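Q: Just passing along the structure, written as structure tokens.
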Amino acid sequence: MEAVSHTEVVSHTASPPELLRVRDLTVEYRTDSGTAVAVEGLSFDVAEGQTLGIVGESGSGKSAASMAIMGLLPRSARVTGSIRFRGRELLSLADSELREIRGRRIAVIFQDALAALNPMMTVGAQIAEAVRVHDPSTSRASLVERATELLDVVGIPSPATRLGQYPHEFSGGMRQRVMIAMGIANEPDILIADEPTTALDVTVQAQVLDVIRRVQERTRTSVMLITHDLGVVAGLADRVMVMYAGRKVEEGPVEPVFYEPSHPYTRGLLAALPRIDRRTARLTQIPGRPPQPGERPAGCPFQPRCPHAEPAVCGDAGTVPVAVADSHSTACVRVHEIGGDR
Amino acid sequence: MSVQRAPVGPVAETASARRDLSGRRIVAKRFLRHRLAAAGTVALLALATCCFGASWIAPYPRNAQDLLTGARQPSIAHWLGTDDLGRDYLSEVLYAGQVSLSIGLCVAVLSTALGTLVGAIAGFTGGWAEEVIMRVTDLFLIVPGIAVLALALEGLGPSPVTIVLVLTGLGWTVIARVVRSQVISLREKEFVEAARVIGASGVRIITRHLLPNLVGVIAVNMSLAVAGAIILESTLSFLGFGIQPPQSSWGNLLTQAASLVGTPKAYLLYAPGAAILLTVLAVNFVGDGLRDAFDPQGRK
Amino acid sequence: MLRFVIRRLVYSVPVVAAASLILFWGVRSTFDPLAKLRQGHDAGALRREVARLGLDRPVLEQYVLWMKAFATGGWGTSTRTGGDVRAMIGSALATTVQLVFWGVLLATVLALGIGVYSAVRQYSAGDYVLTALSYLGIAMPAFWCGLILIQLLAVWPKERFGLAEPPLYFVGLHSPGRSGFDMDYLRHLALPVITLTISLIASWSRFSRASMLEALSSDYVRTARAKGVPSRQIFVRHALRNSLASFVTVVALDSAILFGGLVVTEQIYAIPGMGRLFLASMLAGDVFVLIPWMLIVALATVLFNLAADLGYALLDPRVVLR
Chain H
1424 MEAVSHTEVV SHTASPPELL RVRDLTVEYR TDSGTAVAVE GLSFDVAEGQ
1474 TLGIVGESGS GKSAASMAIM GLLPRSARVT GSIRFRGREL LSLADSELRE
1524 IRGRRIAVIF QDALAALNPM MTVGAQIAEA VRVHDPSTSR ASLVERATEL
1574 LDVVGIPSPA TRLGQYPHEF SGGMRQRVMI AMGIANEPDI LIADEPTTAL
1624 DVTVQAQVLD VIRRVQERTR TSVMLITHDL GVVAGLADRV MVMYAGRKVE
1674 EGPVEPVFYE PSHPYTRGLL AALPRIDRRT ARLTQIPGRP PQPGERPAGC
1724 PFQPRCPHAE PAVCGDAGTV PVAVADSHST ACVRVHEIGG DR
Chain B
672 MSVQRAPVGP VAETASARRD LSGRRIVAKR FLRHRLAAAG TVALLALATC
722 CFGASWIAPY PRNAQDLLTG ARQPSIAHWL GTDDLGRDYL SEVLYAGQVS
772 LSIGLCVAVL STALGTLVGA IAGFTGGWAE EVIMRVTDLF LIVPGIAVLA
822 LALEGLGPSP VTIVLVLTGL GWTVIARVVR SQVISLREKE FVEAARVIGA
872 SGVRIITRHL LPNLVGVIAV NMSLAVAGAI ILESTLSFLG FGIQPPQSSW
922 GNLLTQAASL VGTPKAYLLY APGAAILLTV LAVNFVGDGL RDAFDPQGRK
Chain X
697 MLRFVIRRLV YSVPVVAAAS LILFWGVRST FDPLAKLRQG HDAGALRREV
747 ARLGLDRPVL EQYVLWMKAF ATGGWGTSTR TGGDVRAMIG SALATTVQLV
797 FWGVLLATVL ALGIGVYSAV RQYSAGDYVL TALSYLGIAM PAFWCGLILI
847 QLLAVWPKER FGLAEPPLYF VGLHSPGRSG FDMDYLRHLA LPVITLTISL
897 IASWSRFSRA SMLEALSSDY VRTARAKGVP SRQIFVRHAL RNSLASFVTV
947 VALDSAILFG GLVVTEQIYA IPGMGRLFLA SMLAGDVFVL IPWMLIVALA
997 TVLFNLAADL GYALLDPRVV LR
């Protein structure tokens, strides 16, 4: 499988100190009809204070990867590889040790806030729980104070009265702000935002993204922004990682990836975006659809849809990336052959 | 070359795919994979064969009395012993099963048919049928069923036919409610709208488009109705409103044995009850299997 | 909230009235209240009774007359015992309430415990055993179960260990001449309460297991895990709390049926409650007991249904009573 001898292997030493170091992460589900691979040989780093955008269609493995970091995958999932957080291997931690990290060092903002918030608990109680779990000695008064402050930070008006209300009494955007408040309650080192704006109206999306940006500026937390929306990444992320069918296909700083995409899939995605800065005759779309987990081809998973596919070469493609520039890498083994073809 | 593995099992099930022949095969496959349901089916078939084939299978003829023997504990000659009249209890239990199983089956079929019909009409047209169902179910909700049944049987007389009619009269509201709510949600679906647009008649829409989609619900309900009817019949017999001697059902045998609690003849208590238990258990397993087979998402 | 209660009660009036009218008609056309008198060949007495009870008037008019008397407390006398119907039903109700109270209490606690355990330890050996037992409990006819329990817990130990008295009694709620809450009461209470709770525990624990599992697989439980909340707290504060509202509703709705539905249990253990009163009155054609009996039971059901809705609204902040 991993026979990529003729290409150089990118070293993963990013310049800022790295906080999270994921190596060769593989997530498999055992189902009735065999093993489904959700994530395959995924490696990436998250640096201190950095925002990493993870882009992919649904089923590309981006959410499974983030849930693997939190140790929140269902029991049927088998996780291999390595996830090091500040040098600690998360995959070998016991659940009780992992609990110390969850919500305190690494927090998640989930997609559908209506379902992700407990309908029977007041918003204040849910935020207070996030704080108290990691610091049981906190007094009631300071819990209320902290929760009020957090709601204020994420821009919820009259936070003191909103504390006593239930999730269903909030609008979609306001609920997502509550999720963010809960996520940053313990000023985590990493905030995983899993499609934080998907379920929202466009105008509200912008507001919520703005809240995330402000929060990040305030707390200097690193953010893993998982989304299928390239626009969201462009506005918020420092680096971007593109995933397809469980694999990383391209990774690099936002500008080079957006302006000089090196993987045919990334190019396809960008070509499918409407642009106002450039006149395009028509929007192109990538033919076909992503393969089901059980029916992926050997080697590069994109080759059935790729205009540059060369079965003899692509069928052997592994998960080890090819460098195209400083800290910009691609999974396409034919990147140098197809280079100028845009 | 792309090495594609053949997709195993249903990849993307659509509403239309689920209705065609392969969909039916999937349902059958899922049902058989449900091991308890398969075991329940086998047990039911065995029970039914033994009871309805009692003339050939039962070790002794029906009502063969032997007053000299009287009540004897189970032995090689009489596996379940004999009762006061010296009758072989195994044979009696098998013959009594004919009545119990028939009542259960008849009530299930009749109440399901009536309930499905009224429920489908009510859900499809709304109006009077809907009012009737809701009001009647309201009535049945506030008075205890056992009292209504006892009163009705007291008035009509306890023959197997009246028992079936009375149990049906009480039982149809359950399935009617279920079918009604299903039809209401189905009638908004596109394929029903489409049928209406091309001018299909109400009857045709109900029989061609709605009922096939209700098969799962109906099958599950029917199995549960069998279980409910057998238990209710035995309970009514126990209270004195059910099958009367010399006719016998499992409930009726239990009633006669009830007075033997605390005496050496208490062994007569176990067989008819165990027969009821086994039947109801098997029917419930079949119901569970049907539910899972028709509704893979609804598995809890 | 108060408006909701009042409106619900007002709405239930026509349903209860319709039920009572149908029952009145059914009972009247099934039984002849003067059957005894007719055998006596005393034409004068018969005519006097017909006039006194208004039996010569149309059924609807009889119903209205009876309803008037019922509403003003004139419940009449039983043709079976000659006793005051109100007193008879009152004492029967008091007895049944004891069974319902202890039974529902026991069943709720056990069903909730079993359901939570089975959900938390899904697919463990314990879960399988409890699931199998609940299938048995649901499939077992109540009266057979009661008879077996007598044999197993009263008769057998008495004979096996040569006791003077069985460890658990199976007739009535008190030994003759005793009353109040004592050991004697508990020894009488045990078997009927077990009998009536077996099916309740079986079906309620299935329900509680299913709703716990649903809660445990929900997104908000995942959120709680992501916050670092320990499992035990997740089970109690998130999953159990969320599954409770629907559980309470089921308990209330099922309990409502028990007031008139304990016919079998009371019959087996000779407990003079509502069920036994119904059976005795039915067999004697005692209409003057049967009709108020039905009304009282229907009223209890209406009240418990109301309680179910109120309980749900109290437990689930999303529900607003209007």
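Protein chains in written order, with the numbering used here: chain H, 1424 to 1765; chain B, 672 to 971; chain X, 697 to 1018. Note that beta-carbon positions come from the ideal geometry of N, C-alpha and C, so glycine has one too. None of these values were measured; they are calculated from a predicted model.
Determine the direct distance from the alpha carbon of residue 1507 (chain H) to that of residue 918 (chain X), and round the result to whole angstroms.
A: Rounded to the nearest whole angstrom, the CA to CA distance from residue 918 (chain X) to residue 1507 (chain H) is 22 Å.
Q: If contacts are defined as beta-carbon pairs under 8 Å, then residue 1638 (chain H) and residue 1607 (chain H) qualify, I think. What distance do you get, rounded to the angstrom?
A: 6 Å
Q: Could you give the C-beta distance for residue 955 (chain X) and residue 792 (chain X), rounded to a whole number, given that I count them as a contact under 8 Å?
A: 6 Å
Q: If you draw a straight line from the alpha carbon of residue 914 (chain X) to that of residue 1539 (chain H), how long is it in whole angstroms?
A: Taking the straight line joining both Cα atoms gives about 8 Å.
Q: Under 8 Å between C-beta atoms, does residue 1542 (chain H) make it to chain X?
A: yes
Q: Drop a sphere of 10 angstroms on the beta-carbon of residue 892 (chain B), count the other beta-carbons inside from all chains shown, and report buried for 16 or more, exposed for fewer.
A: Buried, by the Cβ-count rule.
Q: Using a C-beta to C-beta distance shorter than 9 Å, which residues of chain B count as neighbours of residue 834 (chain X)?
A: Within chain B, the residues near residue 834 (chain X) are 898, 951, 952 and 955.
Q: Can you pull the chain H neighbours of residue 856 (chain X), defined as C-beta to C-beta under 8 Å?
A: What residue 856 (chain X) touches in chain H: nothing, since even the nearest Cβ is about 47 Å away.
Q: Measuring straight from C-alpha to C-alpha, what distance separates residue 1642 (chain H) and residue 1609 (chain H)?
A: About 10 Å.
Q: In whole angstroms, what is the alpha-carbon distance linking residue 1523 (chain H) and residue 927 (chain X)?
A: 13 Å
Q: Are there three or more Cβ pairs, one per stretch, closer than 8 Å when the region 886 to 900 of chain X is compared with the region 948 to 955 of chain B?
A: no
Q: Using the C-alpha atoms, what's the distance from residue 887 (chain B) back to residue 979 (chain X)?
A: When the Cα atoms are used, residue 979 (chain X) and residue 887 (chain B) turn out to be separated by approximately 42 Å.
Q: Determine the closest residue to residue 1746 (chain H) out of H:1548, H:1679, H:1655 and H:1458, with distance taken between C-alpha atoms.
A: H:1679
Q: Using DSSP's beta-bridge definition, name the partner residues of residue 1615 (chain H).
A: Partner(s): H:1531 and H:1647.
Q: By how many angstroms is the C-alpha of residue 928 (chain B) removed from the C-alpha of residue 934 (chain B)?
A: 10 Å
Q: Helix, strand or coil: how does DSSP classify residue 1467 (chain H) here?
A: strand
Q: State whether the region 816 to 825 of chain B contacts the region 868 to 878 of chain B, with contact taken as three or more CB pairs (one from each stretch) at a distance under 8 Å.
A: no
Q: So the candidates are H:1689, H:1733, H:1649 and H:1645; which of them puts its Cα closest to the Cα of residue 1470 (chain H)?
A: H:1645
Q: With a threshold of 8 Å between beta carbons, is residue 1443 (chain H) in contact with chain X?
A: no
Q: For residue 794 (chain B) and residue 858 (chain B), which I take to be in contact (beta-carbon distance under 8 Å), what is that distance rounded to the nearest angstrom?
A: Indeed they touch by this definition, with Cβ atoms about 7 Å apart.
Q: Going by C-alpha to C-alpha distance, which of B:961, B:897, B:926 and B:907 sits closest to residue 774 (chain B)?
A: B:897
Q: Suppose contacts are defined by Cβ-Cβ distances below 8 Å. Is residue 1054 (chain X) in contact with residue 795 (chain X) by that definition?
A: As displayed, chain X neither begins before 697 nor continues past 1018, which places residue 1054 (chain X) out of reach and without an answer.
Q: Determine whether the Cβ of residue 1576 (chain H) lies closer than 8 Å to any Cβ atom of chain X.
A: no
Q: To which residues of the same chain is residue 692 (chain B) closer than 8 Å at the C-beta, ignoring the five residues directly before and after it?
A: Residue confidence is low: residue 692 (chain B) scores 48 on pLDDT, short of 50, so the model does not pin down where it sits. Its coordinate-derived value is still stated next. Excluding positions up to five away in sequence, the list is empty.
Q: Kindly list the residues whose CB is nearer than 7 Å to the CB of residue 1482 (chain H), restricted to its own chain and excluding five residues on each side of it in sequence; keep chain order.
A: 1713
Q: Output yes or no for whether 8 Å exceeds the beta carbon distance between residue 1521 (chain H) and residue 1494 (chain H).
A: Yes, they are a contact pair.
Q: Taking Cβ-Cβ distances below 7 Å as the criterion, which residues of the region 987 to 1005 of chain X are in contact with chain B?
A: Taken in chain order, the members of the region 987 to 1005 of chain X whose beta-carbon sits within less than 7 Å of a beta-carbon on chain B are 990, 993, 994, 997 and 998.
Q: State yes or no: is the C-beta of residue 1677 (chain H) within less than 8 Å of the C-beta of residue 1689 (chain H)?
A: No, Cβ-Cβ distance for residue 1677 (chain H) and residue 1689 (chain H) is not below 8 Å.
Q: Quick check on residue 809 (chain B) - is its C-beta less than 8 Å from some C-beta in chain X?
A: yes
Q: Could you check where the alpha helix (DSSP H) with residue 1671 (chain H) kicks off and where it finishes?
A: From DSSP, residue 1671 (chain H) is part of no alpha helix (DSSP H) but of the beta strand (DSSP E) over 1670 to 1676.
Q: Going by C-alpha distance, which of H:1501, H:1611, H:1478 and H:1563 is nearest residue 1452 (chain H)?
A: Considering only alpha carbons, the answer is H:1501.
Q: Give the straight-line distance between the Cα atoms of residue 1035 (chain X) and residue 901 (chain X), rounded to the nearest whole angstrom.
A: For chain X, the structure presents residues 697 to 1018; residue 1035 (chain X) sits outside this window and is missing.
Q: Within 10 angstroms of the Cβ of residue 836 (chain X), are there 16 or more other Cβ atoms? Answer buried if so, exposed if not.
A: buried
Q: If you drop the 5 nearest sequence neighbours on each side, which residues of the same chain put their C-beta closer than 6 Å to that of residue 961 (chain X)?
A: 888, 891 and 892
Q: May I ask you to list the residues that DSSP assigns as paired with residue 759 (chain B)?
A: B:753
Q: If you scan the region 1548 to 1624 of chain H from start to end, which runs of the alpha helix (DSSP H) of 4 or more residues do you find wholly inside it?
A: 1563 to 1576, 1582 to 1585 and 1595 to 1606
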